[in-house]
Amino acid sequence: MRRLLLTILISSLFVCGVTLSGNTSDPFSQRLPEGKQIIHVLNRLAFGPRPGDEDAVRRMGVAKWIHLQLHPEEIPENPALEAKLKPLDTLRLSTADLMDNYFAPPQNMMMPMQRPQERLEDLLSQEDAQKVRLGTAEEREEILKSLEPEKRRKVLAALPPNVLKYIPEEYRKEAEAAQRAENEERSAEFRRQNPQLRDLLNPDQMEVTRSGTKEQLAALFAYLDPEKRPLVAGLLPPDRAADFPELRRQGELKRNPQQVVMDDHHEAKVLRAIYSSRQLQEVLVDFWFNHFNVDESKNIPRVGNVMHLLTATYERDAIRPHVFGHFKDLLLATAQHPAMLYYLDNWDSMAPGSFNVGPFAPDRRTVNGVPNSILPGPLARIAHGLNENYGREVMELHTLGVKGGYTQDDVIAVARCFTGWTVRDPQHPEFVFASFMHDTGEKTVLGHKIPAGGGEQDGLQVIDILAHHPSTARFISRELAQRFVADDPPPALVDRMAQTFTKTDGDLRAVMEVMFTSPEFMSEGAYEAKVKSPFEMVVSAVRAVGGETTNAYALVSKISELGEPLYDKLEPNGYPNTGDAWLSATGLMGRMNFSAALAYGMIPGVLPDSSRLDRKDPATIARDLLGHDASPETQAAIAKGLESPGESEAASDPVSPDGIASGHKGPAFITTLLLGSPDFQRR
Amino acid sequence: MSTRRIFLRDSAIVLAGIGAVPSWLARAATLADQNGGDQRRKVLVAIFMRGAADGLNIVVPFSERRYHELRPTLRIAAPTRKVAASDSGRDNRFSNEAIDLDGTFALHGALQPLKPLWDKGQLAIVEATGSPDSSRSHFDAQDFMESGTTSKNLGDGWLNRALPPATDGTSPLRAVTLGNQVAHTLRGEREVIAIGNAQQFNLGNSEATSILESMYNSSNDPLWGRTGRNAFEVMKIMDSINRDSYSPQDGEYNQGGQLGRSLQQLARLIKANVGVEAAFAEIDGWDHHGNEGPQLSERLRQFSSALSAFSQDMGDRMEDIVIITMSEFGRTVEENGDAGTDHGHGSLMMVLGGPVKGGKVYGKWPGLEKEQLFEGRDLAVTTDYRDVLGELVREHMGQKDLDSVFPGFKAGDPLGLLRV
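In structure tokens form, the structure reads like this:
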């Protein structure tokens, strides 16, 4: 069977070759009919059509619309979007302001109010503590016997659970009682500091927070003391809190201000994707962030959860300004942003061997003979040599591609060039070049000699070499074509894009222009060839149903449930760009669940407009939501489902626990089927 | 229909109220009648540690002088005393002291929950394993290892090719990825399914569900049609399995993080006799370029809790199960400038399960002297990872045609990992 697949592959390659000389059986050389072009560009350069979008593109003409999308500065931004972004005020703060007002350094994040648990070592001699922990049953019993009752109670209370299993019955009972008392005391103290819902509300009010309607919940908030309101809102589960963005925000500001920055950033991404008139720009910000991925939940040793804040400024300051610019500027901006410096460890990478603090140094407290204590903040610690992480990934993932022709020696040379590219200190995460960390020796990068003594210039030179390398032109062109044309894009197109990349010094707009005006892009081969990612599925569905999204908080958690939480891909390769990754039973069920929740208006903050679909037949609704006819199989399944009464018991089902009414086969019902259909999972 | 219940003999499946009986279930029930009701199958579970786990600090070669020299801050001290096999009253979970295995190698202290398996002979270590490929790229190396090759990315995975062709009684759950997407290891021609968040397998609206089911059953979409058909079959099975699924190991599974939840779900599937033959789970976060010590401990704590919980939960069903762990490559022998390690070469694999001849470190230890290292810096590979996988595929899964599973690979001497 695999041989068969291979044969097919080879013959399709053969066909590709033939088409260049005029054969039209290659789908990438079959021109898409006019009627399909509009929905195609809306699915590729935008996050799918909103009601009315197709007419607008038709009036303007496809070519003009593409041109405008490539020049977003000529498109007035949607005022509705600007109004929705306005309350998310952390979007506009500088990194410094965010650090000053929203950052909790690691030591404050522990719970200082919590009484530290007494440790065995505080109660017993080192040797005895060790025996109790790791010794034999006899050793343990002997020590316990020898203790005064009061002391013994304390020791028993401090025993780890694994030891507890192996002490005599009488002591175990005593220990359990002591631990219970200890725990109660501790949790009471914790609760005083961190009230839970049931500390703030009476049972009836609790019930409202669990199962009351939105109106009942609003009435409850109105009744509560003003200072209690944000506390309560901050404690509600996401789907309950989503209807009260203001209160939730105040609650979070009190409990965990960094969360506010992340929430603003997540919501803004979804709102822009839904509402921006500059759709291509938003598609590209998503694409390039993923290409230069960083993870907001990476914890930086001794610095804390600073990525919670920097991920937002990274996208805003390093990615967004350059998506229509030159690749080199994008590469440099990411290389110097503290988010990337932290994420791929370059902030910590120092000259190897040249220091008196290497792993083999007798005394790690000096650097090149200088006492380490003069080093600023985070550097006065254990760092003492090279870290290859950024040096490798900048070539493998950001520029050349894994087959781009670099070696392990190049990885080390590049890492050495970037030594000293770091951040000022944990409180001030801004790029600095720290010369005392820099490897001043000579390096050879991809055949280019970089002379000794170059300083900050070394890294800049590497950026230049990488940005202008032919492998980069090809790799970046292929990545773009994979996002916009097909999972396995036609090599001839990639070649032409790469040539333009090289000719124009990496002008991304020019490269995209070649792609969007190519016959391969506007071909049957590209049409509906891509599977929607979870983010694309959610956003395109919200756009398709129309209506109003007042806040995107709940949508953000729906995207997470589909398996790709925003800004939270641990590995530096980002989320996959090809469809096979999203084909899973869980993922598909999740998409169907989401479709139903959206169609029936069950997602807080999202009010779908189904009135325009009232009394329309399924075929019309399908054209409205998909932008084209549903496949014959999908149409047939819906028609059959609607004509048969189905399971008569189900038809009279009351509202299910999820609140989705069954039995009424109106527009919401048909919308559920269409958004959940295989047709809607493609773009 | 909504009140109709179908019981499959010997299985925990009870179906209620969600449309038609899964067709596989009907077939399997017939088949079970023919076979006298035996639903137990052999299962091979592959666990991928993504990010290149630091083998040298997981199973510590504490008797190597060079190990201690090259890792001045990261090294794990030699165990202070030999631990008798029966002394289970001692628990290192809260200390970092290494646990002596054989006087040469020791387990990282956070792997204490695995020690009882070693003592029972259900855990074997294969040292200095990996791929001969010298790519130090995570993503290439994972693709190659999951393909079952050294430097070629095949579209399908070795574990899919190891499965026999489907028959009438073959379950849609025969090959399961625990996670949101089908892992490369399991991708391919044979039916395979990904199960992540089990909560999703519950569509609120039963009428919409049955229309969507028929829509996907008739779909011509080459990608979504198949996924959808499987999804609806599995939804019915999952619904019944997860309805009553308490296990005394649930607490320990929780300590196992994502891997714990994956193995917990797998255990439910296996116990329900739904025909699982191969499974894949993963645990990420092993790419410790900096501050490795505490991060590795935390990962290993989850890893060992998950495996220990699974093994206890399965009880004597472990006789049918072999688990194999792998990572795309190892890490540099010498620690880097950040109290971490960079991308290396050789690593190790763990083999767990009832059929395993455990309590032994397999493989040829290449040594850590400069001239013994791969490219002068990394642990050498003396046992090709396909020798280990191949033996399990042949002996446990009964797939004798190894060339179709690992194309072009010539197997070395058998390691003798399993009791046969």
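Line order of the protein sequences matches chains A and B.
Each step along the first sequence adds one to the number in the numbering used here, with nothing skipped, and position 679 is 679.
Each step along the second sequence adds one to the number in the numbering used here, with nothing skipped, and position 229 is 912.
Glycine residues also receive a C-beta, built at the ideal position from the N, C-alpha and C atoms.
First and last residue of the uninterrupted beta strand (DSSP E) at residue i
i: S584(A); result: Element bounds for S584(A): n/a, residue is neither H nor E.
i: K530(A); result: Segment: none, K530(A) is in no beta strand (DSSP E) and carries neither H nor E.
i: W421(A); result: 421-425
i: K1043(B); result: 1043-1045
i: G813(B); result: 806-813
Local Cβ density within 10 Å of residue i, reported as buried at 16 or more and exposed below that
i: T832(B); result: buried
i: G590(A); result: buried
i: E396(A); result: buried
i: P338(A); result: buried
i: H1079(B); result: buried
i: V285(A); result: buried
i: P79(A); result: exposed
i: Q205(A); result: buried
i: D348(A); result: buried
i: A158(A); result: buried
i: Q882(B); result: exposed
i: Q107(A); result: Per-residue confidence for Q107(A) stands at a pLDDT of 46, beneath the threshold of 50, marking its modelled position as unreliable; the derived number appears in the next sentence. Flag for Q107(A) reads exposed.
i: A959(B); result: Going by the sequence as given, residue 959(B) is Val instead of Ala. Result: buried.
i: N863(B); result: buried
i: S662(A); result: Confidence at S662(A) is low in this model, with a pLDDT of 46, below 50, so the placement of that residue is unreliable and no value is reported for it.
i: R773(B); result: Legend: pLDDT at R773(B) = 47, less than 50; position of this residue unreliable, no value from coordinates given.
i: R844(B); result: buried
i: V1088(B); result: buried
i: G52(A); result: exposed
i: R870(B); result: buried
i: R683(A); result: buried
i: K298(A); result: buried
i: L1100(B); result: buried
i: K919(B); result: buried
Beta bridge counterpart(s) of residue i as assigned by DSSP
i: F963(B); result: A729(B), T860(B)
i: L790(B); result: V742(B), I782(B)
i: G1036(B); result: V1005(B)
i: S1010(B); result: M732(B)
i: D1067(B); result: G813(B)
i: E548(A); result: L607(A)
i: F1057(B); result: D1061(B)
Host alpha helix (DSSP H) of residue i (start-end)
i: I924(B); result: 907-924
i: M602(A); result: Element bounds for M602(A): n/a, residue is neither H nor E.
i: W841(B); result: 841-844
i: L499(A); result: Residue identity check: residue 499(A) is Gln in the sequence provided, not Leu. From DSSP, the alpha helix (DSSP H) with Q499(A) extends over 491-503.
i: T334(A); result: 327-336
i: A413(A); result: 408-417
i: H689(A); result: Nothing about residue 689(A) can be reported from this structure: the residues present for chain A run from 1 to 683 only.
i: P79(A); result: 79-85
i: K954(B); result: 940-954
- Message: Check whether the segment 792-807 of chain B and the segment 1028-1040 of chain B touch, using three or more Cβ-Cβ pairs below 8 Å as the test.
- Response: Between the segment 792-807 of chain B and the segment 1028-1040 of chain B, the count of C-beta pairs closer than 8 Å reaches three or more; the two stretches touch.
- On the three-pair Cβ rule with 8 Å, is the segment 224-234 of chain A touching the segment 516-529 of chain A? By the Cβ rule, the segment 224-234 of chain A does not count as touching the segment 516-529 of chain A, because fewer than three pairs are nearer than 8 Å.
- Mind listing, in chain order, the continuous alpha helix (DSSP H) runs of no fewer than 4 residues lying wholly within the segment 419-478 of chain A? List check, alpha helix (DSSP H) in window: 457-467.
- Item | Contiguous beta strand (DSSP E) assignments of at least 3 residues, all confined to the segment 846-904 of chain B | The qualifying runs are 858-861, 876-878.
- Using 8 Å as the Cβ pair cut-off and three pairs as the minimum, do the segment 1036-1046 of chain B and the segment 983-991 of chain B touch? Between the segment 1036-1046 of chain B and the segment 983-991 of chain B, the count of C-beta pairs closer than 8 Å stays below three; the two stretches do not touch.
- Run through the segment 266-314 of chain A for me and flag every whole alpha helix (DSSP H) of 4 or more residues, listed as ranges in chain order. Within the segment 266-314 of chain A, the complete alpha helix (DSSP H) runs of at least 4 residues fall at 279-291, 307-313.
- Does the segment 320-336 of chain A come close enough to the segment 278-294 of chain A to have 3 or more Cβ pairs within less than 8 Å? Contact holds between the segment 320-336 of chain A and the segment 278-294 of chain A, because three or more Cβ pairs, one in each stretch, are under 8 Å apart.
- Query: At a cut of 8 Å, does the segment 262-269 of chain A reach the segment 297-312 of chain A through at least three beta carbon pairs?
  - Reply: With a cut-off of 8 Å, the segment 297-312 of chain A and the segment 262-269 of chain A count as touching, because enough Cβ pairs lie within range.
- Task: Determine contact between the segment 92-102 of chain A and the segment 426-437 of chain A, defined as no fewer than three beta-carbon pairs at a distance below 8 Å.
- Result: As far as the Cβ criterion goes, the segment 92-102 of chain A touches the segment 426-437 of chain A, which means the pair count is three or higher.
- Can you find at least 3 beta carbon pairs, one from the segment 1072-1089 of chain B and one from the segment 1045-1063 of chain B, that sit closer than 8 Å? At 8 Å Cβ cutoff, the stretches do not touch.
- Message: Would the segment 1052-1071 of chain B count as touching the segment 1014-1021 of chain B if we require 3 or more Cβ pairs under 8 Å?
- Response: Contact between the segment 1052-1071 of chain B and the segment 1014-1021 of chain B is present, because at least three Cβ pairs lie under 8 Å.
- Touch test, the segment 439-459 of chain A against the segment 488-502 of chain A, Cβ-Cβ under 8 Å, three pairs minimum: Contact fails: fewer than three Cβ-Cβ distances are below 8 Å.
- Counting pairs of beta carbons, one from the segment 531-549 of chain A and one from the segment 605-623 of chain A, are three or more of them closer than 8 Å? The answer is yes - the segment 605-623 of chain A touches the segment 531-549 of chain A, with three or more Cβ pairs under 8 Å.
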